[in-house]
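> Protein chains in written order, with full-length UniProt numbering: chain A, 1 to 317; chain B, 1 to 120. The beta carbon of each residue, even a glycine, is placed where N, CA and C say it ideally should be.
#1: Residue 103 of chain A: which of A:11, A:124, A:199, A:127 sits nearest, CA to CA?
#2: With 16 as the cutoff for other CB atoms within 10 Å, does residue 303 of chain A come out buried or exposed?
#3: Can you give the beta carbon distance from residue 97 of chain A to residue 22 of chain A, rounded, assuming they're within the 8 Å contact cut?
#4: Taking buried to mean at least 16 other C-beta atoms within 10 Å of its own C-beta, is residue 140 of chain A buried or exposed?
#5: Would you kindly work out how many angstroms separate the C-alpha atoms of residue 270 of chain A and residue 281 of chain A, rounded to a whole number?
#6: Can you check whether the CB of residue 26 of chain A is closer than 9 Å to the CB of residue 194 of chain A?
#7: Check whether chain E comes within 9 Å of residue 5 of chain B, counting only Cβ atoms and requiring the distance to be less than that.
#8: Less than 7 Å between C-beta atoms, sequence neighbours within five positions excluded: which residues of the same chain meet that for residue 229 of chain A?
#9: Please name the residue, chosen from B:43, B:28, B:51, that lies closest to residue 95 of chain B on a Cα-to-Cα basis.
#10: Which runs of the beta strand (DSSP E), 3 residues or longer, sit entirely within the stretch 160-222 of chain A?
#11: So if DSSP puts residue 90 of chain A in a beta bridge, which residue, or which two residues, is it bridged to?
#12: Which term fits residue 182 of chain A, buried or exposed, when burial requires 16 or more other beta carbons within 10 angstroms of its beta carbon?
#13: Assign residue 30 of chain A to one of three DSSP states: helix, strand, or coil.
#14: Which residues in chain A sit within 8 Å of residue 60 of chain B, going by Cβ to Cβ distance?
#15: Can you list the residues of chain B that residue 208 of chain A reaches, using a CB-CB cut of under 8 Å?
#16: Measuring only the C-alpha atoms, how far is residue 47 of chain A from residue 70 of chain A?
#17: With the cut-off set at 9 Å, would you say residue 125 of chain A and residue 61 of chain A are in Cβ contact?
#18: Just the Cα atoms here: how many angstroms apart are residue 288 of chain A and residue 103 of chain B?
#19: Any heavy atom of the ligand ATP closer than 8 Å to the beta-carbon of residue 302 of chain A?
#20: Should residue 273 of chain A go down as buried or exposed, given a rule of 16 or more other Cβ atoms within 10 Å for buried?
#21: At a CB-CB cut-off below 9 Å, which residues of chain A make contact with residue 45 of chain B?
#22: Can you check whether the CB of residue 211 of chain A is closer than 9 Å to the CB of residue 65 of chain B?
#23: Got a sec: is the Cβ-Cβ distance from residue 102 of chain B to anything in chain A below 9 Å?
#24: Helix or strand or just coil, what does DSSP make of residue 78 of chain B?
#25: With a 10 Å radius around its C-beta and 16 neighbouring C-beta atoms as the bar for buried, classify residue 253 of chain A as buried or exposed.
#26: By DSSP's criteria, residue 251 of chain A is part of a beta bridge. Which residues make up the other side?
#27: Buried or exposed: where does residue 59 of chain B fall if 16 or more other Cβ atoms within 10 Å of its Cβ makes it buried?
#28: What is the DSSP secondary structure of residue 12 of chain A, reduced to helix, strand or coil?
#29: Can you give me the C-alpha to C-alpha distance between residue 64 of chain A and residue 106 of chain A, rounded to a whole angstrom?
#30: From which residue to which residue does the beta strand (DSSP E) around residue 68 of chain B run?
#31: Could you tell me the alpha carbon to alpha carbon distance between residue 121 of chain B and residue 48 of chain B, rounded to whole angstroms?
#32: Could you tell me whether the stretch 248-262 of chain A touches the stretch 5-25 of chain B, using the rule of 3 or more Cβ pairs below 8 Å?
#33: Using the three-state DSSP reduction, which class does residue 50 of chain A fall into: helix, strand or coil?
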């Protein structure tokens, strides 16, 4: 039953993430065996690593087979468990290419009912393996961002008012007028970048919020605010809501927007000019720092329309 | 280490400070010119050593809860930076010593790195 629901979920999700390829999903940390090893050793390895199949490779790391739990069971029945893998492994392996898209990968899972597929390069050298768990992990990771070239994103962007008025995290309308703290970001004076975060810090401290929590909020907000000042070329706003068990911050602007949010999320990626760098910014740490210090973060952007960053900070016990 | 000792050692000019500031104890120090790096590694109570002399150095220090900022290498410090330090209650020091040397001296005398050391 659970398996069916996983499949159903994957079917639903794949259309939003159809551009993800095998190389992005695969687990590169592949456990492999050479054909001279025994089935007994394979069984032990499966038990320890809690996996249901192990690719078999030759000295050149080329894929020559796969040994599955089924192969082990058959060998046990025939009392051949101590024999080398070579004569018992499945030799007709269905593999994936690194640029194979998600829908093709999912259809292979449906067609063959294998637990995992090896990913190989054009010389049949193993690059990684993909199980359904890897797909779900990748999708969940992507869900932390709603990013460019994503169908779901374009749907949201078509209703322009929506992403500026609705929460990216909960989907509810954002009651900006009910915010506990509001700050208008001035993009014309770089020396003022961070003034809002500093004010927010003082505001939260005064409210008696836990010091560590306040610090995390301040750091992430500071990064978001600096981004508005140095990248957006537009005015922006900081909103903060103090809720019973968490603090929510939303930083938005109607400026240039980010071309590729996913790329911007990578540490060290930066489009800042030398001038900005001289001012101590533009290290490509902004979005990664926001993610590091918040419990949940979603960024939404479209070129020419601006950026909305929403962050939730929870108190940890 | 007492802030007083740090000031003497690095021949610091004190640009912003509160009363009895030199009795303050500093355990951690870190150096960077990139403020995002500071945000990533900063620890409350630390001394921030930087070559950046803009108000951002002070503002970043305030956001991470640093006690003091030591600006090195730069000839002059803008008035706006000093003013902000006073406003935010951040101790602001200035030394002509190069960053590498300043760090080396402080490291030699037992100041700790905020990233690798245990929690304060």
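Here's the rundown:
#1: Comparing Cα-Cα distances from residue 103 of chain A to each of A:11, A:124, A:199, A:127, the minimum goes to A:11.
#2: Under the 10 Å beta carbon count, residue 303 of chain A is surrounded by fewer than 16 other beta carbons and is classified as exposed.
#3: Confirmed, Cβ separation roughly 7 Å.
#4: By the neighbour-count rule (16 or more Cβ atoms within 10 Å), residue 140 of chain A is not buried but exposed.
#5: Cα to Cα, the separation comes out at about 10 Å.
#6: No, the Cβ-Cβ distance between residue 194 of chain A and residue 26 of chain A is not below 9 Å.
#7: Although the question refers to chain E, the structure presented lacks it and instead comprises the protein chains A and B.
#8: So the list reads 185, 187, 190, 193, once near-sequence residues are dropped.
#9: The shortest Cα separation from residue 95 of chain B among B:43, B:28, B:51 belongs to B:51.
#10: Runs of the beta strand (DSSP E) inside the stretch 160-222 of chain A: 181-185.
#11: In DSSP, residue 90 of chain A forms a bridge with A:66.
#12: Answer is exposed; the Cβ neighbour count stays below 16.
#13: Correct three-state label for residue 30 of chain A: coil.
#14: Within chain A, the residues whose beta carbon sits less than 8 Å from that of residue 60 of chain B are 194, 222, 280, listed in sequence order.
#15: None at all; the shortest Cβ gap to chain B is about 16 Å.
#16: Cα to Cα, the separation comes out at about 14 Å.
#17: Yes, the pair counts as a contact, with Cβ atoms nearer than the cut-off.
#18: Inter-residue distance for residue 288 of chain A and residue 103 of chain B is about 27 Å (C-alpha atoms, whole angstroms).
#19: Absence of the ligand ATP is noted for the structure shown, with no ligands found whatsoever.
#20: The residue in question, residue 273 of chain A, is exposed, as its Cβ has fewer than 16 Cβ neighbours within 10 Å.
#21: Ordered by position in chain A, no residue passes the 9 Å Cβ test against residue 45 of chain B, which lies about 11 Å from the chain.
#22: Yes.
#23: Chain A contact via Cβ: absent.
#24: Three-state result, residue 78 of chain B: coil.
#25: By the beta-carbon neighbour count (other beta carbons within 10 angstroms, threshold 16), residue 253 of chain A is buried.
#26: As DSSP reads the structure, residue 251 of chain A sits in a beta bridge with A:238, A:309.
#27: Under this definition residue 59 of chain B is a buried residue.
#28: When DSSP states are grouped into helix, strand and coil, residue 12 of chain A belongs to the helix group.
#29: Using only the alpha carbons, I get a separation of about 23 Å.
#30: DSSP places residue 68 of chain B in the uninterrupted beta strand (DSSP E) bounded by 68-72.
#31: Given that chain B is displayed from residue 1 to residue 120, the structure contains no residue 121 of chain B and the question cannot be resolved.
#32: No, the stretch 248-262 of chain A is not in contact with the stretch 5-25 of chain B.
#33: DSSP places residue 50 of chain A outside both helix and strand once states are collapsed to three, so it counts as coil.
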